[in-house]
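Heads up: the structure comes next, in structure tokens.
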Amino acid sequence: QIQLVQSGPELKKPGESVKISCKASGYTFTDYAMHWVKQAPGKGLKWMGWINTYTGKPTYADDFKGRFVFSLEASASTANLQISNLKNEDTATYFCARNQVNYDGTYYSYYFDYWGQGVMVTVSS
Amino acid sequence: DIQMTQSPPSLSASLGETVSIECRASEDIYSNLAWYQQKSGKSPQLLIYYASSLQDGVPSRFSGSGSGTQYSLKISGMQPEDEGVYYCLQGSKYPYTFGAGTKLELK
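First to last, the protein sequences are chains A and B.
Heads up, the final residue of the first sequence is numbered 125 in the working numbering, and it's a clean run with no missing numbers.
Heads up, the final residue of the second sequence is numbered 232 in the working numbering, and it's a clean run with no missing numbers.
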């Protein structure tokens, strides 16, 4: 069965870096793009961007340009999110989510069909 | 950016009651709309994609409708396991955007 298994919770100090992973199984990793989504405590979902798992090319939402890096270990079917120079406002749960495409003959429709369990990153001095 | 205005922010429903949640997009998203349910401490689960297509394994009491800028999710017969927060997602244009969420509780 299809699974996205993410790494464990992280406690970091401001200014430090963190790298979280998302290991996919049950499908061909390079056939589906991977998205990243942020959820601050008690808040809604915010799309961070996505990575093309075939080419490795990342695309970042404006709020996530600069300190955020999406990368791959394609041989390990793993997508990674690295955040540098951590700030208190980076405290959140970070989800990976698999891209899915629906084509009705005219339009393509994009959505996320499988999600990781989320990684809680806490930034505190 | 496309803004997704979701309503209501919260909802309380009795067992068996039919509930509706709305999402309005700031521009035409061509049915590029998905609905998710998130239970406390869990990751979101896909319910509906392409505005009205039911994801495999999702109970048939969930249905989606809409086109253009207006979309809705209907739960026909509230069940205890339907408690949670519901989000819409537009995948029409970058950046993808979510609605603010609707918290659904059993009365």
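Even glycine gets a Cβ: it sits at the ideal position worked out from N, Cα and C.
So who's on the other strand from Ile146/B, going by DSSP bridges?
-> Paired residues: Leu198/B.
Would you say the stretch 26-37 of chain A touches the stretch 138-152 of chain B, given that touching needs at least three Cβ pairs under 8 Å?
-> Contact fails: fewer than three Cβ-Cβ distances are below 8 Å.
Counting along the chain, where does the beta strand (DSSP E) carrying Ser217/B start and finish?
-> Segment: none, Ser217/B is in no beta strand (DSSP E) and carries neither H nor E.
Under the assumption that Tyr111/A contacts Ala159/B (Cβ atoms under 8 Å), give the Cβ distance between them as a whole number of angstroms.
-> Beta-carbon to beta-carbon, Tyr111/A and Ala159/B are separated by about 4 Å, close enough to satisfy the 8 Å threshold.
Roughly how many angstroms lie between the CA atoms of Thr78/A and Gln117/A, to the nearest whole one?
-> Across the structure, Thr78/A and Gln117/A are spaced so that their CA atoms are roughly 14 Å apart.
Test item: CB-CB of Gly226/B and Ser109/A under 9 Å = It is not a contact, given that the beta carbons lie outside the stated cut-off.
Span of the beta strand (DSSP E), counted from its first residue to its last, around Tyr111/A | According to the DSSP assignment, Tyr111/A belongs to the beta strand (DSSP E) that extends over Tyr108 to Trp115.
In chain A, which residues lie less than 9 Å from Ser178/B when you measure between Cβ atoms?
-> Going along chain A in sequence order, the residues near Ser178/B (Cβ under 9 Å) are Asn102 and Ser109.
Would you say Phe223/B faces chain A, with C-beta separation under 9 Å as the test?
-> Contact with chain A is found for Phe223/B, since one of that chain's Cβ atoms lies less than 9 Å from the residue's Cβ.
Spell out a yes or no on whether the stretch 188-197 of chain B and the stretch 153-171 of chain B are touching, meaning 3 or more CB-CB pairs, one atom from each, closer than 8 Å.
-> Short answer: they touch.
Alpha carbon to alpha carbon, how far is Ser178/B from Lys13/A? Give it in angstroms, no decimals.
-> Ser178/B has its alpha-carbon roughly 44 Å from the corresponding atom of Lys13/A.
Give, in chain order, every residue of the stretch 145-166 of chain B whose Cβ lies closer than 7 Å to some Cβ of chain A.
-> Going along the stretch 145-166 of chain B in chain order, one finds Tyr155, Ser156, Asn157 and Ala159 with a Cβ nearer than 7 Å to chain A.
Of the residues Thr53/A, Arg67/A, Phe68/A and Gly49/A, which one's Cα is nearest the Cα of Thr59/A?
-> Answer by Cα proximity: Gly49/A.
Name the DSSP beta bridge partners of Asn80/A, please?
-> Ser21/A and Ser71/A.
Asn99/A: first and last residue of the uninterrupted beta strand (DSSP E) it sits in = First-last of the beta strand (DSSP E) with Asn99/A: Ala92 to Tyr103.
Measuring only between beta-carbons, confirm whether Gly105/A sits less than 9 Å from chain B.
-> Among the CB atoms of chain B, none fall inside 9 Å of the CB of Gly105/A.
Return helix, strand or coil for Val14/A, following the three-state DSSP convention.
-> Just to set this straight, residue 14/A is Pro in the shown sequence, not Val. Pro14/A falls in the coil class under three-state DSSP.
Runs of alpha helix (DSSP H) lying entirely within the stretch 153-188 of chain B, each at least 4 residues, in chain order | For the stretch 153-188 of chain B, not one full-length alpha helix (DSSP H) segment reaches 4 residues or more.
Mapping DSSP to helix, strand and coil, what is Pro93/B?
-> With chain B running from 126 to 232 in the structure shown, residue 93/B is simply not present.
Is any beta-carbon of chain B found at less than 9 Å from that of Asp113/A?
-> It does; some Cβ of chain B falls within 9 Å.
How big is the Cα-Cα spacing for Gly15/A and Lys232/B?
-> About 45 Å.
Nearest CA to the CA of Tyr103/A: which residue from Ile127/B, Ala176/B, Gln170/B and Gln162/B?
-> Closest by alpha carbon: Ala176/B.
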